[in-house]
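See structure below.
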Amino acid sequence: MPNQVGLNLDRHSQGQGALVPFAQSPQLLISVVTEEPGGDVACFIESLAEQTYPLNKIRIRIALLGTHDNTVSRLLRLKEKMGYRFAGMDVEQLPGESVGKGHNKNTQDMTETYLIVASPGVRFEDHALTTVVQYAMVTQTHAAVWELQQAAVDVAVPSVENQTELLKRAASCALIRQTAFFQIGGFNDEEAGEGAYLELWYRFRDSGYRLLNCPNALYRLPSEPPARVKSRVRPYQVVLSDIFMRMRYGTLGRRLAVPYHLLQLCRLRTRQRHGQIAPAEMALRIAKNATRYLAGRRRSSRIYPMGGWSQDFLNAGDFMYGSGGTDRGWPLVSIVVRTEKGRQGLLSECLRSLANQTYLKLEVIVVEAGSSGFARDILDAGLFGSLRRIKYIQCDHKRPSRTGNAGLEAASGDYVAVIDDDNLLFSDHVERLVRLLEERRDLTAAYTACFEVETEILSSDPLVYTEGRRRALARRPYSKRYLARNDFIPVTSMIFRRSVYERRGGFDPTLAAAEAWDLWLRLCKQGPFGYVPHVTAICRSPAGDVARHRREEILKANRRAIREKHLQLELAD
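With numbering that gives the first Met the number 0 as the guide, the letters of the sequence shown map in order to residues 0 to 572.
This is how it looks when you write it as structure tokens:
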């Protein structure tokens, strides 16, 4: 085992560190439920044996739902060979039972602090358990689930631990707090397959818990081809579970939309083959179970984010993991972060999303509007060690266009981006855009799709917020004609060449809003924009009707001024 003496806990809110000796590390129970593990479980156990986490703190329970005796004998031999290295290892055969029942059986005598539910195909990176446990220990007061990140191929998720309102898919690996797990009653025995996990995640939300993503705790599923793209046609059981979750946890509109979704599936003309969708059989299953799911309606009044099919986060495609962006041979990217007093929690969350980028050669420039100096205090705390190039600028002007220009003037990267402190970048955001710009030298800028999420901030420090409706922005290829008429690319989505900015200038300081659109209209005169058809960022908008209406009025007035300005420029040309 590597020479490590404890778990280093990052105290985000206090700005101080703590080291927990291995002797005091929390006990873990790892629950695996599978039908046909084959050789997968052996590889799974071997990856556990390589963990930096103390193995004598890990107990493993495996529930086999299949009926193959040779599989049981293989697992028992594996127990004899490797079981002594752990706190315990048990194998039980439960033929014909559901996934939910299997996990409940595994956890019925659980006394450990945390539970890990995992697919038998998971291969943990060496520090995965140490990383996710140390993060759980500093966020457990408000969270119940911490999802580990699939390294090789994944549907992209926000790369920030505090970002919680993900449109959950059935996770291959997640850490669960024991007290919260038992408080909500564990898994639902009646749920089968991936639906058991999906139902559990929504029930955690319904009980007021948050579900966090820990992008630095990595695992791999080597059985999946690296370049595979997620199919739009979801497996039968997954889609069925999604529909049932809409019926139980969705709004009235989401429930009424179930027949529409079923008709859309019928149009695909697929049949029940290799687990794919069979619309006729699905309709019968829905009719049979509708009463049970509608009767078990949610307890809370929260609006749960449900996009298309919620397991996919509306972002089909491969996750880019660490394939570029080292200090050698890659261009420097400067990211300007605009912030102001009273937004400590938002700024910290935004900076963590930058620290978790797969692209490493970053320069972060934090521009604080006003003179409070809170941003400098956050940076001086040294909580973002992977960000080696950080600049701090204090700006007397509060207008976003002026603070943005102050950051751009200080940028030294070949590429630049400007974001606000309430924006979040998914782990592969920068790498996707830089790769496109490096491949296409004719492009002046590149952008991705982005989610706009209605957010109500309940507390800034510590950061507490609720999320409501979301909509996708910039989900269309670049068109100069369309851009001339529509402000459709948020500043969060864009990275552009600094050389073009130096020729065309920065934000118009007279604008109070929509300043990014004005800049894009000037940059596009230098050359076209590239488009990456993936959602890789989140921006926020007010959740309240009054605040949202006020924001829209300000945007309308500034967009009107921008149209008049560029019309005059065109006439002058």
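Positions of the beta carbon are idealized from the N, C-alpha and C atoms, including for glycine. These figures come from a predicted structure and were not determined experimentally.
Residue i, buried or exposed, once every other Cβ within 10 Å from all chains shown has been counted against 16
i	result
H102	buried
E339	buried
G120	buried
V490	buried
Y464	buried
L251	exposed
V545	exposed
R342	buried
E466	buried
A100	One point to set straight first is that residue 100 is Lys, not Ala, in the sequence displayed. When all chains shown are included, K100 counts as buried.
D108	exposed
G184	exposed
N69	exposed
G505	buried
H548	exposed
F123	buried
E563	exposed
E552	exposed
E280	exposed
Y201	buried
R270	Confidence in R270 is poor, its pLDDT being 42 and thus under 50, which makes the residue's placement unreliable; the coordinate value appears in the next sentence. When all chains shown are included, R270 counts as exposed.
Y182	Correcting the residue type first, residue 182 is Gln in the shown sequence and not Tyr. Q182 should be labelled exposed.
E190	buried
Integer-rounded CB distance, given that residue j should sit under 8 Å from residue i
i	j	result
T106	L199	Incorrect: roughly 12 Å between the Cβ atoms, too far for contact.
P476	Y530	5 Å
V365	V332	About 15 Å; that fails the 8 Å criterion.
D583	S97	Residue 583 is absent from the model: the chain starts at 0 and stops at 572.
W145	L114	W145 to L114, Cβ: 11 Å. No contact.
S578	P508	Given that the chain is displayed from residue 0 to residue 572, the structure contains no residue 578 and the question cannot be resolved.
A409	I494	Actually they do not touch by this definition, with Cβ atoms about 17 Å apart.
L436	A445	5 Å
Q149	R219	7 Å
I57	V90	Not confirmed; about 15 Å, so no contact.
Selected residue, minimal CA-CA separation from residue i, among the options
i	options	result
G249	Y292, A471 and L423	Y292
R474	T535, L74 and Q525	T535
I59	A117, L220 and V71	A117
K287	K564, L239, I334 and A405	L239
L482	L457, E551, D395 and F528	F528
V32	P25, R253, F43 and Q23	F43
L345	D419, G543, S478 and I553	D419
L361	A191, V433, Q393 and P541	V433
R439	S46, G412, R209 and G526	G526
A374	L359, L386 and Y391	Y391
E451	H141, L472, K78 and R480	L472
F180	L522, R204, E193 and G192	R204
D517	I561, K80 and R245	I561
Q92	E79, L522, S72 and T110	S72
S46	V132, L462, T110 and R84	R84
E453	E193, R284, R469 and P330	R469
T138	L210, S492, E190 and E193	L210
L75	R245, G65 and M88	M88
Range of the contiguous beta strand (DSSP E) that encloses residue i
i	result
M493	M493 to R496
R468	L462 to L472
K390	I389 to C394
G87	G87 to Q92
R58	I57 to L63
D419	Y414 to D419
I29	L27 to T33
F487	Unbroken run through F487: none, as it is neither H nor E.
L361	L361 to A368
Residue i, enclosing alpha helix (DSSP H) - first and last residue
i	result
Y201	E193 to D205
S352	Q343 to A354
R253	L251 to L255
P541	Note, P541: premise wrong, no alpha helix (DSSP H); beta strand (DSSP E) at F528 to P541.
K183	The question names Lys, but residue 183 in the sequence shown is Ile. Premise fails: I183 is in no alpha helix (DSSP H) and is neither H nor E.
Residue i CB to nearest heavy atom of the ligand HEM below 8 Å
i	result
F425	The ligand HEM is not among the ligands present in this structure, which contains no ligands whatsoever.
Three CB pairs or more closer than 8 Å across the stretch 408-425 and the stretch 354-368: Between the stretch 408-425 and the stretch 354-368 there are three or more C-beta pairs closer than 8 Å, enough to call the two in contact.
contact_flag[the stretch 40-52, the stretch 124-139] where n(CB pairs < 8 Å) is 3 or more: yes
Three CB pairs or more closer than 8 Å across the stretch 551-564 and the stretch 500-519: yes
Stretch pair the stretch 376-390 + the stretch 494-506: three plus CB contacts closer than 8 Å: no
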